[in-house]
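Note sheet for the following structure.
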Amino acid sequence: MISRAHDHRIEELKEQFNRAQRIALDNPTLENVITAQRLQKKIMEKAHKFATMWQLATLLDYQLINANEPSNSLHRKLYQEKSEQENDLKLKNIAKSWGLILQVKQDCLLCKAFIPIVQSFANKYAFQLLAVSKNNELLNKLNPKHIVPVLYLVGASR
């Protein structure tokens, strides 16, 4: 039979902390606040020990490491930068054949906040961007409820 003592200890510590925190909130004496802080410190120490052991286990057992992404923080940063460069190149290639249509309304605050974000994205990757505020037949079919803002990726007509 598997012992559940660890479950009991963790739950008991959580209950003690929650109780101490409620007592301190209700009656914030120095003694009550110190009791809650000591219990929180005990929880944080356990969490720190767990995180340290987790990292050590990951370093010692190669099967725990994601083979597609390095575990070393410097390697991970370089890997992420390389991935971002690859994604940038993919988006620039997509922009050669595709464009963006941003459907907005004049009185829409969310639209006004979203427009500069989309413009920055379009400029960065060289997408042709068309902002429209009037509904035509195609937009009525695509967005019959006229929910805005909406960003469409469309094939460039040749």
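In UniProt numbering, the protein residues as written are 1 to 158.
Here a beta-carbon is modelled for each residue, glycine too, at the ideal position from N, C-alpha and C.
With 16 other CB atoms within 10 Å as the buried threshold, where does A122 fall?
Position 122 of the sequence shown holds residue 122. With 16 or more Cβ atoms within 10 Å of its Cβ, A122 is classed as buried.
Have a look at C108 and Y152 and give me their C-alpha separation to the nearest angstrom.
Locating residue 108 in the sequence shown gives position 108, where the first residue counts as 1. Locating residue 152 in the sequence shown gives position 152, where the first residue counts as 1. For the pair C108 and Y152, the Cα-to-Cα distance works out to about 18 Å.
Output the boundary residues of the alpha helix (DSSP H) element that contains Q119.
Numbered from 1 along the sequence shown, position 119 holds the residue referred to as residue 119. Looking at the DSSP string, the run of the alpha helix (DSSP H) that includes Q119 is 109-125.
Helix, strand or coil: which one does DSSP assign to I10?
Position 10 of the sequence shown, counted from the start, is the residue given in the question as residue 10. Reduced to three states, the DSSP call for I10 is helix.
In whole angstroms, what separates the C-alpha of residue 170 from that of A126?
One cannot answer for residue 170 here, as it falls past the ends of the chain, which runs 1 to 158.
I101 lies in the beta strand (DSSP E); which residues open and close that run?
To locate residue 101, count along the sequence shown from 1; it is residue 101. Judged by DSSP secondary structure, I101 falls within the beta strand (DSSP E) whose first and last residues are 98-103.
Let me know if V154 comes out buried or exposed under the rule of 16 or more other beta-carbons within 10 Å of its beta-carbon.
For this step, residue 154 is matched to residue 154 along the sequence shown. Classification for V154: exposed.
Helix, strand or coil for A20, going by three-state DSSP, please let me know.
Position 20 of the sequence shown, counted from the first residue, corresponds to residue 20. Looking at A20 - three-state DSSP - the assignment turns out to be helix.
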